[in-house]
Amino acid sequence: MNVHEYQAKEILARYGVPVAGGGVATSAEEARRIAEKIGGPVVVKAQIHAGGRGKGGGIKLAQTVAEAEAHARAIVGMTLVSPQTGPKGRLVRKVYVTAASEIAHEYYLGLLVDRAKSRLTIMASAEGGVEIEKVAAETPEKIIRADISPSAGYSPYVGRRIGRGIGLGPDQVKQFVALLSACVRCFTEMDCSLVEINPLILTPDGKLFALDAKVNFDDNALFRHPDVKEMRDIHEEDPLEVEASKSDLNYIKLDDGQVGCMVNGAGLAMSTMDIIQLAGGKPANFLDVGGGASKETVSNAFHILMRDEDVKAVLVNIFGGIVRCDRVAEGIIAAAKEVHIDVPLVVRLQGTNAREARQLLEASGLKLTVAETLDEAARKVVAAVGGAA
Ligand code: GDP
Ligand code: MN
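Residue numbering for the sequence shown is 243 to 631, as defined by our numbering.
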């Protein structure tokens, strides 16, 4: 799960990471009141779950309260297009109004899980403010890394080594050691999957603090953090993914595909996507109906798949292990009565009662193509969307 910058900063601040004060506003008037309280120059920052906001015009410096109000009026309600939002952009609903800082230098600091090493990895660079991917690709030697072993934990020595590595002086290294320690504690205690401070800034009077913050959480640990769960902003998520999660369906939208996939189990979803690509097509999404695909689940799943505008054909690929294929077939037949399925439908049901299922589908009078093997199913669905690309 992802949260906004203002929420990320609130969480990091609890652990002692220095951030500038501020408040969140949904209107220009509210932004004005926050700016008045801060006094002095402020920055008005669009709150969306994507970075690169500065480049898209979502971050504006204001010298006066009136200017802050004007910036907030322009930013709230704008569709912000940044390098990370895609061409459609994101509607901005909130701004964060925060005290403006003077910047002497911008650094990068990121913490994430290195799955190959099973360790928390720290990355830092003196090249902050810019995309770290670019630094990693062009000048990888400018990124200093360190791993934290779960048994040994963080030790100040690691912070000192990284701090010196990015060129900090003795006084700043001291601040960096404490700041990094706070980040590591936050990362582990809050079950984060990413903590990124870009930029981490040095002010002209020698103070380090987080000018921007991005924190992601491990969804599987959210039950331990009800306060974080509350921070979820469903406006920032794909509306169909939100609807699917309400029906306990796992739906993932994919870019540039045409085939909607209804499957059971993540493993089968992966192989279904592979085989579609092998046949020359591209999946538009995948929808995992889970182990017990009932009539209702199948019907809900069709509702969601039909609302994805990219879907030009649907492939149902279900293996009846626990679930019986004839039940699934009944679900498909019932769903077809409720939901208008206006694209070609290819169905492959294998496993328990597969034969009965096929008979039910054939007798239903529904316009669909039945397939026996995965290969055949993929070829048929790709042919239905106009053949291999
Ligand atoms: P992002 O574009 O979404 O990553 O948003 P950031 O919060 O990182 O801001 C982008 C850039 O705006 C920073 O790298 C800074 O150069 C600039 N910026 C943001 N806040 C301030 C501030 O308080 N003072 C100054 N001088 N620049 C700022
Ligand atoms: Mn940033």
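Where a beta carbon is used, it is the ideal one built from N, C-alpha and C, also for glycine.
Here the C-alpha atom of residue 300 lies approximately 5 Å from the C-alpha atom of residue 288. Boundaries cannot be given for residue 533, as no beta strand (DSSP E) includes it and DSSP labels it neither H nor E. By the neighbour-count definition (other C-beta atoms within 10 Å, threshold 16), residue 313 is a buried residue. Residue 411 has its alpha-carbon roughly 22 Å from the corresponding atom of residue 377.
Relative to ligand 2, the beta carbon of residue 458 is positioned no closer than 7 Å to any heavy atom. By the Cβ neighbour-count rule, residue 582 is exposed, with fewer than 16 other Cβ atoms within 10 Å of its own. When secondary structure is reduced to three states using DSSP, residue 573 falls in the helix class.
Summarising the contact set, residues whose Cβ lies nearer than 6 Å to any heavy atom of ligand 2 are, in chain order, 293, 440, 454.
For the pair residue 508 and residue 544, the CB atoms are not nearer than the 8 Å cut-off. The segment 357-413 contains, as complete beta strand (DSSP E) runs of 3+ residues, the segments 361-367, 385-390 (chain order). Bounds of the alpha helix (DSSP H) holding residue 272 are 270-280. By the criterion of at least three beta-carbon pairs nearer than 8 Å, the segment 321-328 is not in contact with the segment 343-351. With contacts defined by Cβ atoms closer than 8 Å, residue 317 and residue 362 do not form a contacting pair. If you draw a straight line from the Cα of residue 627 to the Cα of residue 563, it comes to about 29 Å.
Selection 530, 481, 368 evaluated against residue 493 yields 530 as nearest (Cα-Cα). Residue 559 places its beta carbon less than 8 Å from that of residue 514.
Proximity of the beta carbon of residue 303 to ligand 1 is indicated: a heavy atom of the ligand is located closer than 7 Å. The Cβ neighbour count for residue 397, taken over all protein chains shown within 10 Å, is under 16; the residue is labelled exposed. Remark: the shortest separation between the CB of residue 524 and any heavy atom of ligand 1 does not fall under 7 Å.
Residue 267: member of the beta strand (DSSP E) spanning 264-267, first to last residue. In the structure shown, residue 295 falls within a coil segment according to DSSP collapsed to helix, strand and coil.
Residue pairing by DSSP puts residue 349 in a beta bridge opposite 442. Going by DSSP, residue 340 is part of the beta strand (DSSP E) stretching over 337-341.
The count of Cβ pairs closer than 8 Å, one atom from the segment 475-482 and one from the segment 357-372, stays below three, leaving the stretches out of contact. Judged by DSSP in its simplified three-state form, residue 468 adopts helix. For residue 315, the uninterrupted alpha helix (DSSP H) run begins and ends at 307-317, by DSSP. Ranking 290, 331, 319, 273 by CA distance to the CA of residue 307 puts 273 first. Collapsing the DSSP output to three states places residue 510 in a helix. Between residue 526 and the set 547, 551, 500, the nearest pair of CA atoms involves 500. For residue 485, the Cβ stays outside the 7 Å cut-off from all heavy atoms of ligand 1. Your pair residue 473 and residue 245 checks out as a contact, with CB atoms roughly 5 Å apart and the cut at 8 Å. With a cut-off of 7 Å, the C-beta of residue 286 is classified as distant from ligand 1, since no heavy atom of the ligand falls inside that distance. It is roughly 30 Å from the alpha-carbon of residue 265 to the alpha-carbon of residue 355. With a cutoff of 8 Å on beta-carbon distance, residue 568 and residue 608 are scored as not near each other. In chain order, 588, 622 place their CB closer than 6 Å to the CB of residue 611, counting only its own chain and leaving out the 5 sequence neighbours on each side.
Residue range 247-256 is occupied by the alpha helix (DSSP H) that includes residue 251.
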